[in-house]
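Notes follow the structure.
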Amino acid sequence: MKTWTILATSAALSMSAPVLADKNTDKSSDESIQQDMAQAYEDAKSATVDAYITGRLITAYALSEHLKATDIHVDVQERKAILSGEVGNEIQRDLAVEIARGVEGLEDVESTLQITERDQTEMANAESGGFAQHFNDAAIKARVKTRLLWNSNVSGLSIDVNAEQGEVTLSGAVDSQEQAALAIAITENTDGVAKVVDELKVQTASRES
């Protein structure tokens, strides 16, 4: 009788072993699927952020009077911008890098920009403090305009930006004092801005009599 009980127990255990193995396999498979889904989500989120940053940087170059005619290619991967293409001189190359560094969200900038032609007159001017300051003002102006453009509460407004020796002047029309205050705050929080001059005007909607 004891022998039969032992044999029956052994048989039951041997039959249950595959079931336990299947459960462990299913659990491992579920964990693997969850990990794959989590990784896919992170990859998609990273790609979205990179695309957003790319758009901001391209817009900044398009708004720059000194770079809008250049052939600069932008590739953003994991918050790192890789700049390639051609510019006319060293000033344009450095300006492109500085503007990229001012774009919110970027963590690193790598430049492989090639200089196709050097304007000797412009390079001579670059050695003077006057052109260096002009370079800084151009970079500040581009940063401010980019930040204003990408804020949904002020991006559609007609705000003009001018920079001179680190002093930024905002002019144009806004719909309310709150929008003016927001535009000023964004400008004040932009790297390189020493002072903000507010020339914004609050426009009032015309009323029919």
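In mature numbering (1 follows the signal peptide of the UniProt record, and there is no 0), the protein residues as written are -21 to -1, 1 to 188.
Just so you know, even glycine gets a beta-carbon here, dropped at the ideal spot from N, CA and C.
Exercise. Relative to the alpha-carbon of valine 176, which residue among Glu89, Leu149, Ala121 has its alpha-carbon at the smallest distance?
Worked result: Leu149
Exercise. Taking Cβ positions, are leucine 123 and threonine 166 nearer each other than 8 Å?
Worked result: Strictly speaking, residue 123 in this sequence is valine, with leucine absent from that position. Yes, the pair counts as a contact, with Cβ atoms nearer than the cut-off.
Problem set entry | Residue environment, glycine 34, which counts as buried when at least 16 other CB atoms sit within 10 Å | exposed
For this session: Identify whether tyrosine 20 lies in helix, strand or coil by the three-state DSSP scheme.
Result: Confidence in tyrosine 20 is poor, its pLDDT being 48 and thus under 50, which makes the residue's placement unreliable; the coordinate value appears in the next sentence. Per DSSP, reduced to three states, the secondary structure at tyrosine 20 is helical.
Exercise. Between the C-alpha atoms of alanine 105 and aspartate 73, what's the straight-line distance to the nearest angstrom?
Worked result: Because alanine 105 carries a pLDDT of 49, less than 50, the predicted location of this residue cannot be relied on, and no value is offered for it.
Exercise. Could you check where the alpha helix (DSSP H) with alanine 159 kicks off and where it finishes?
Worked result: 156 to 167
For this session: Specify the secondary structure class of lysine 120 as computed by DSSP and reduced to three states.
Result: Lysine 120 falls in the helix class under three-state DSSP.
Exercise. In terms of alpha-carbon separation, which member of Leu179, Ala173, Thr169, Gln182 lies closest to glutamate 83?
Worked result: Thr169
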